[in-house]
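Chains A and B are the protein sequences, given in the same order.
Just so we're aligned, residue 2 is where the first sequence starts under the working numbering, counting upward by one.
Just so we're aligned, residue 2 is where the second sequence starts under the working numbering, counting upward by one.
2 protein chains.
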Amino acid sequence: MSLSAGPAGGPVLVVGSVALDSVETPFGRVEGALGGSACYASVAAAFFSPVRMVAVVGEDFSYENVAQLAHHDVDLAGLRRVPGETFRWRGYYDYDLNQAHTISTELNVFEGFRPDLPEHYRHSPYAFLANIDPELQLSVLDQLVRPRLVACDTMNYWIERARDRVLEVLARVDIALMNDAEARQLCEEPNLITAARRILNYGPGIVIIKKGEHGALMLSRESYFSAPSYPLEEVRDPTGAGDTFAGGFLGYLARTGQTDDEALRRAVICGAVLASFTVEDFSLRRLFRLTQEEIVERYDEVLTMIRCGAL
Amino acid sequence: MSLSAGPAGGPVLVVGSVALDSVETPFGRVEGALGGSACYASVAAAFFSPVRMVAVVGEDFSYENVAQLAHHDVDLAGLRRVPGETFRWRGYYDYDLNQAHTISTELNVFEGFRPDLPEHYRHSPYAFLANIDPELQLSVLDQLVRPRLVACDTMNYWIERARDRVLEVLARVDIALMNDAEARQLCEEPNLITAARRILNYGPGIVIIKKGEHGALMLSRESYFSAPSYPLEEVRDPTGAGDTFAGGFLGYLARTGQTDDEALRRAVICGAVLASFTVEDFSLRRLFRLTQEEIVERYDEVLTMIRCGAL
Chain A
2 MSLSAGPAGG PVLVVGSVAL DSVETPFGRV EGALGGSACY ASVAAAFFSP
52 VRMVAVVGED FSYENVAQLA HHDVDLAGLR RVPGETFRWR GYYDYDLNQA
102 HTISTELNVF EGFRPDLPEH YRHSPYAFLA NIDPELQLSV LDQLVRPRLV
152 ACDTMNYWIE RARDRVLEVL ARVDIALMND AEARQLCEEP NLITAARRIL
202 NYGPGIVIIK KGEHGALMLS RESYFSAPSY PLEEVRDPTG AGDTFAGGFL
252 GYLARTGQTD DEALRRAVIC GAVLASFTVE DFSLRRLFRL TQEEIVERYD
302 EVLTMIRCGA L
Chain B
2 MSLSAGPAGG PVLVVGSVAL DSVETPFGRV EGALGGSACY ASVAAAFFSP
52 VRMVAVVGED FSYENVAQLA HHDVDLAGLR RVPGETFRWR GYYDYDLNQA
102 HTISTELNVF EGFRPDLPEH YRHSPYAFLA NIDPELQLSV LDQLVRPRLV
152 ACDTMNYWIE RARDRVLEVL ARVDIALMND AEARQLCEEP NLITAARRIL
202 NYGPGIVIIK KGEHGALMLS RESYFSAPSY PLEEVRDPTG AGDTFAGGFL
252 GYLARTGQTD DEALRRAVIC GAVLASFTVE DFSLRRLFRL TQEEIVERYD
302 EVLTMIRCGA L
């Protein structure tokens, strides 16, 4: 398949947060820059497939931001604008870019977020439930009509406060994405492989463990795939890498319309490739100037990085 | 190439420590069990190629241990037995098996270790200088006559105390092996890829970064290879994994007689496969009961774990 082929599987629904992030890393800083899981995932998925976003913003959300998302073919019918301020996150990273340090989180209008799917969204064949309250993830699942493939993410906050609800979500999705620390925490199990296999027992047919600079693992009951991360010497801001990964992954599957192991593996590499671009700059800047040629080129590079012959 | 083919490149010299380890992990414990970098690397390499060991032991080193090493086709002409006690290490691992905690280190006869190569060792075409005082590594390099391929390891202890000597060694070897923390420390550089490239500038044509459960990276000026670790649910004792990796890696290269990028990649997987067996049990127990069939089978499994098609 070539990236210029048309979408075969249909649109991807993305539900998550839109945020205005203030981030400082050893390599620079931004104030009130576009962020949030729904933005990263939507723009990444939109490189491959039509995308429908469900999120909420406040009155301070600029037309410029809206225009940028719309320009990248994200359907914004599900983006509600309500009185108040947009979700704001302020944080920093030290040289250990794997660890985000939160300075402040202002939920603002995100606190009252109740995802309400526009009618034409309800038949979306693909859906990504980004890291939000599992109650809201369940409500989206209730609104979807026979989706073909649903993936979810979660985080330590919900695992600690609403573990049962997280497990309910996992029982109803096809693909669970989370990072290595979250998988270990969810299963109270230090061995990552054991933890991943246990998550499969919670329901999803596929679990994907994101390991940051160490790549990603994808497990099903029959298959195991280990993907490297693209080796970057200049990581400026890791914010949004995981959501970008999820968007690229699901967007690619939606484009191909395939869900076999081979397609899933290619989708994981697509996710890792998209994420590797996101972290090269702050906010969504790199994604906004990314081309399909660059995606294909880096994908091919990754293939040469993992090529190995038989004994 | 099949593992049953004869060695094409010639014997591997291994210089390092022989130790009697007392190790406790959440999965068991051993007292005074065979260990040390030279043992792990030699036995791993011996699965592929003849091995010549250079190390020192004390009067407490049992005939049983000698017999086990000899049984695995390790040439022990360079194993000196001197008055005193063998090097002893006592340590433990918590559930985070990536971090060894040292309780005590008794250098004993290892403190006076001066590697003196038997005459027939000096023409060894392959050599692994395990993690020992870089002065001793340099002395081995002085004794070797036109080796074809020399690899070295090092550790934080020497990087902190004898950085210049470590750099001298790196300037004289073909392949530098170290773990990710050591690479970052040596280069005072948080980005692992940047650190690895800087190590190439110190001299070796190839640098291999061992990342424990996250696999290994191999870089040269022209090539980049990312290898996964074999996914294990039962890791009993990670002691010796890195040295086993080095032994398997160099042993495989010695067997093939090849040093091209393709052979190096296969060698990295061989190293990772051998290491995955070592950590399944304490001391060298798993290596001592390992078969060539098991190596080939796990190697093939790893290939299926990294298989991915073009876009």
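C-beta: ideal position from N, C-alpha, C; glycine also.
Problem set entry | Where residue 106 of chain A sits in the DSSP three-state scheme | Correct three-state label for residue 106 of chain A: strand.
For this session: Please classify residue 158 of chain B: is it buried, with 16 or more other beta-carbons within 10 angstroms of its beta-carbon, or exposed?
Result: Around the beta-carbon of residue 158 of chain B, fewer than 16 other beta-carbon atoms lie within 10 Å, marking it exposed.
Exercise. So is residue 293 of chain A buried or exposed if we call it buried at 16+ other beta carbons inside 10 Å?
Worked result: An exposed status is given to residue 293 of chain A, since fewer than 16 other beta-carbon atoms sit within 10 Å of its beta-carbon.
Exercise. Does the beta carbon of residue 97 of chain B sit closer than 8 Å to a beta carbon anywhere in chain A?
Worked result: Chain A has a Cβ within less than 8 Å of the Cβ of residue 97 of chain B.
Exercise. Where does residue 311 of chain A sit, in a helix, a strand or coil, going by DSSP?
Worked result: In the displayed model, residue 311 of chain A falls within coil according to three-state DSSP, outside both helix and strand.
Exercise. Using a Cβ-Cβ distance under 8 Å, would residue 102 of chain B count as near chain A?
Worked result: With its beta carbon at least 8 Å from every one in chain A, residue 102 of chain B lies outside the interface.
Problem set entry | CA-to-CA distance, residue 191 of chain B to residue 136 of chain B, given in whole angstroms | About 27 Å.
Problem set entry | Nearest to residue 170 of chain A (by Cα), restricted to the options A:182, A:183, A:155, A:47 | Sorting A:182, A:183, A:155, A:47 by C-alpha distance to the C-alpha of residue 170 of chain A places A:155 at the top.
Problem set entry | Rounded separation between residue 236 of chain B and residue 65 of chain B - CA only | A direct Cα-Cα distance of roughly 26 Å separates residue 236 of chain B from residue 65 of chain B.
For this session: Under 6 Å Cβ to Cβ from residue 220 of chain B, same chain only, skipping five residues before and after it: list those, please.
Result: Only 197, 208 meet the Cβ criterion.
Problem set entry | Own chain, CB closer than 6 Å to residue 276 of chain B, minus 5 neighbours either side, in chain order | Excluding its 5 nearest sequence neighbours in each direction, residue 276 of chain B has C-beta neighbours in its own chain below 6 Å: 242, 245, 246, listed in chain order.
Problem set entry | Per DSSP, the bridge partner or partners of residue 76 of chain B | Partner(s): B:53.
Problem set entry | the stretch 116-130 of chain A: positions lying closer than 8 Å to chain B by Cβ | Here the close residues number zero.
Exercise. Comparing the C-beta of residue 258 of chain A with each C-beta of chain B, is any distance below 8 Å?
Worked result: Taking a beta-carbon distance threshold of 8 Å, residue 258 of chain A does not count as an interface residue toward chain B.
Exercise. Between residue 11 of chain B and residue 258 of chain B, what straight-line distance do the alpha-carbon atoms span, to the nearest angstrom?
Worked result: Residue 11 of chain B and residue 258 of chain B: Cα-Cα distance of roughly 8 Å.
For this session: Pair every Cβ in the stretch 93-100 of chain B with every Cβ in the stretch 75-82 of chain B, then say whether three or more of these pairs are closer than 8 Å.
Result: Contact between the stretch 93-100 of chain B and the stretch 75-82 of chain B is absent, because fewer than three Cβ pairs lie under 8 Å.
Exercise. Taking Cβ-Cβ distances below 9 Å as the criterion, which residues of the stretch 224-242 of chain B are in contact with chain A?
Worked result: Per Cβ criterion, the list reads 224, 225, 226, 227, 228, 229, 230, 232, 233, 234, 235, 236.
For this session: Identify, in the order they occur along the chain, each residue of the same chain with its Cβ nearer than 6 Å to the Cβ of residue 27 of chain A, setting aside the five sequence neighbours on each side.
Result: Within the same chain, residue 27 of chain A has close Cβ partners 96.
For this session: Determine contact between the stretch 139-154 of chain A and the stretch 103-113 of chain A, defined as no fewer than three beta-carbon pairs at a distance below 8 Å.
Result: Result no; under three Cβ-Cβ pairs closer than 8 Å.
For this session: Identify which residue in B:230, B:224, B:161 has its Cα closest to the Cα of residue 263 of chain B.
Result: Closest by alpha carbon: B:224.
For this session: Determine the burial state of residue 55 of chain B: buried for a count of at least 16 other Cβ atoms within 10 Å of its Cβ, exposed for fewer.
Result: Taking all protein chains shown into account, residue 55 of chain B has 16 or more neighbouring C-beta atoms within 10 Å of its C-beta and is therefore buried.
Exercise. Using a Cβ-Cβ distance under 8 Å, would residue 266 of chain B count as near chain A?
Worked result: Chain A contact via Cβ: present.
For this session: Report yes or no: is there a C-beta of chain B within less than 8 Å of the C-beta of residue 192 of chain A?
Result: Closer than 8 Å: yes.
Exercise. Going along the chain, which residues of its own chain have a beta-carbon closer than 6 Å to the beta-carbon of residue 118 of chain A, five neighbours each way excluded?
Worked result: Correct list, in chain order: 144.
Exercise. Which residues does DSSP pair with residue 153 of chain B in a beta bridge?
Worked result: Under DSSP, residue 153 of chain B shares a beta bridge with B:130, B:177.
Exercise. Using a C-beta to C-beta distance shorter than 9 Å, which residues of chain B count as neighbours of residue 309 of chain A?
Worked result: Listed by position along chain B, the residues whose Cβ is nearer than 9 Å to that of residue 309 of chain A are 226, 228, 263, 266, 267, 269, 270, 303, 304, 307.
For this session: Taking C-beta pairs closer than 8 Å, name the residues in chain B that residue 214 of chain A reaches, listed in chain order.
Result: Using a Cβ-Cβ cut-off of 8 Å, residue 214 of chain A is close to 193 of chain B, given in chain order.
Problem set entry | Closest residue to residue 164 of chain B among B:181, B:187, B:179, B:177 (Cα-Cα distance) | Checked all of B:181, B:187, B:179, B:177; the closest Cα to residue 164 of chain B is B:187.
For this session: Could you pull the start and end residues of the alpha helix (DSSP H) that residue 254 of chain A belongs to?
Result: Counting along the chain, the alpha helix (DSSP H) containing residue 254 of chain A begins and ends at 242-257.
Exercise. Is the shortest distance between the beta-carbon of residue 19 of chain B and the beta-carbons of chain A less than 8 Å?
Worked result: It does not; no Cβ of chain A falls within 8 Å.
For this session: With a 10 Å radius around its C-beta and 16 neighbouring C-beta atoms as the bar for buried, classify residue 113 of chain A as buried or exposed.
Result: Answer is exposed; the Cβ neighbour count stays below 16.
Exercise. Would residue 84 of chain B be called buried (16 or more neighbouring beta carbons within 10 Å of its own) or exposed?
Worked result: Per the 10 Å Cβ criterion, exposed.
For this session: Give every residue of the same chain whose Cβ lies closer than 6 Å to the Cβ of residue 1 of chain A, excluding the five residues on either side of it in the sequence, and list them in chain order.
Result: Because chain A is modelled from 2 through 312, residue 1 of chain A falls outside the range shown and cannot be assessed.
For this session: Please decide whether residue 297 of chain A counts as near chain B, where near means a Cβ-Cβ distance under 8 Å.
Result: At a cut-off of 8 Å between C-beta atoms, residue 297 of chain A counts as an interface residue with respect to chain B.
Problem set entry | 8 Å Cβ cutoff, residue 64 of chain A in contact with chain B | No, its Cβ sits nowhere closer than 8 Å to a Cβ of chain B.
Exercise. Between residue 297 of chain B and residue 270 of chain B, is the Cβ-Cβ spacing less than 8 Å?
Worked result: No; because the gap between Cβ atoms is not below 8 Å, this pair is not in contact.
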